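Heads up: the sequence shown is residues -28 to -1, 1 to 187, going by mature numbering (1 follows the signal peptide of the UniProt record, and there is no 0).
These notes are about the structure you will find just below.
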Amino acid sequence: MPRLRSAPFAAALAVALALMGAGQGALAQEQAEEVLPRAPVLMLDRNRLFADSAFGKAAEARFQAESQVLIAENLRLEQALEEEERQLTDQRATLDAESFQKLAAEFDSKTEAIRAAQDAKSRSITLKREEDRQRFLQAAVPVLGELMRDAGAVAIFDKEMVILSLRGVDITEEAVARIDAALGDGSALPEEGAVAPGSGGEAAPPAMPEAPATP
């Protein structure tokens, strides 16, 4: 950019300071336009949107930690049941058939109950993972709506639902950056189905973003 030679430095600085406040909004708009494509339809990778976000990484870390705890618990229970089964087998020679059958039936019932309880824990962990994903997508709607308006678009589609598109309309990275800035790791968000304090009722679903008004 050519350097100003005729205007004194002090005068140029005064003009810059005077225009700074008015120019900030325009500058922010220009910067947004530099990052975002100008297209009526945008694309994003919904799976990567969640996986690459701070929210998604925190949710996945929780899922892995809870899964490892359950795996270790299952291993301990399995070893305990195997030991109990060996002891029962050793007792078989000293017990009459009726007594042994009774103990064997009790052991089988105990084993089935433990397996059912552990299966329920596994399903609960998986369900929590899906709830985290849904909570993320719901909380991301307003952010995606703002991004859509900034790009002058009328719709955002999941890439998995599109057969062919231009790479330039993929806004996944920008969406992740904005969602991270707005939501962080999600720890401040209410849990699924929680009611905000003072709301006096059920939690309302997030509003879908409105499309930009056509001229």
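By construction, the Cβ of each residue, glycine as well, lies at the ideal position given by its N, Cα and C atoms.
Computed from a prediction, not measured in an experiment: that's the story for all the values here.
- Query: Is L155 closer than 9 Å to A88 when the C-beta atoms are compared?
  - Reply: No, they are not a contact pair.
- Enumerate in chain order the residues of its own chain whose CB-to-CB distance from S96 is below 8 Å, with the five nearest sequence positions on each side excluded. none
- Pick from S159, R105 and A123: whose alpha carbon is nearest that of R18? R105
- Item | A65, buried or exposed, once every other Cβ within 10 Å from all chains shown has been counted against 16 | exposed
- Message: Helix, strand or coil for D142? Go by DSSP, reduced to three states.
- Response: strand
- Message: Please classify V148 as buried or exposed, where buried requires at least 16 neighbouring CB atoms within 10 angstroms.
- Response: buried
- Would you call V141 buried or exposed, if buried means 16 or more other Cβ atoms sit within 10 Å of its Cβ? buried
- How is A125 classed by DSSP in three states: helix, strand or coil? coil
- So M15 packs on F108, CB below 8 Å; how close in whole Å? The pair is not a contact, with the Cβ atoms about 19 Å apart (cut-off 8 Å).
- Task: Pull up the CB-CB distance for A26 and D152, whole angstroms please, since I reckon it's below 8 Å.
- Result: 5 Å
- In angstroms, rounded to a whole number, what distance separates the CA positions of A77 and E57? 12 Å
- Task: Examine chain B for any beta-carbon lying closer than 9 Å to the beta-carbon of A69, and answer yes or no.
- Result: Included in the structure is just one protein chain, with no chain B present.
- Item | Selection from S159, D91, T98 and T144 that minimises the alpha carbon distance to R20 | T144
- Item | Where L119 falls, given that 16 or more other Cβ within 10 Å makes a residue buried | buried
- Let me know if L8 comes out buried or exposed under the rule of 16 or more other beta-carbons within 10 Å of its beta-carbon. buried
- State buried or exposed for D80, treating a residue as buried only when at least 16 other CB atoms are found within 10 Å of its CB. exposed
- How many whole angstroms separate the CB atoms of F22 and G28, which I take to be in contact at a CB cut-off of 8 Å? 4 Å
- Contact set for L60: own chain, Cβ-Cβ below 7 Å, skip 5 residues either direction: L75, A76 and F79
- Those residues which DSSP pairs with M15 across a bridge: F129 and D142
- Task: Count the other C-beta atoms from every protein chain shown that fall within 10 angstroms of the C-beta of E2, then say buried if there are 16 or more, exposed otherwise.
- Result: For E2, the predicted model reports a pLDDT of 46, less than 50, meaning its position is unreliable; a value from the coordinates is still stated below. Classification for E2: exposed.
- Please report the residue range of the alpha helix (DSSP H) in which A31 lies. Where A31 is concerned, the enclosing alpha helix (DSSP H) stretches over A26 to Q63.
- Roughly how many angstroms lie between the CA atoms of D91 and D68, to the nearest whole one? Per the coordinates, the alpha-carbon of D91 lies some 35 Å from the alpha-carbon of D68.
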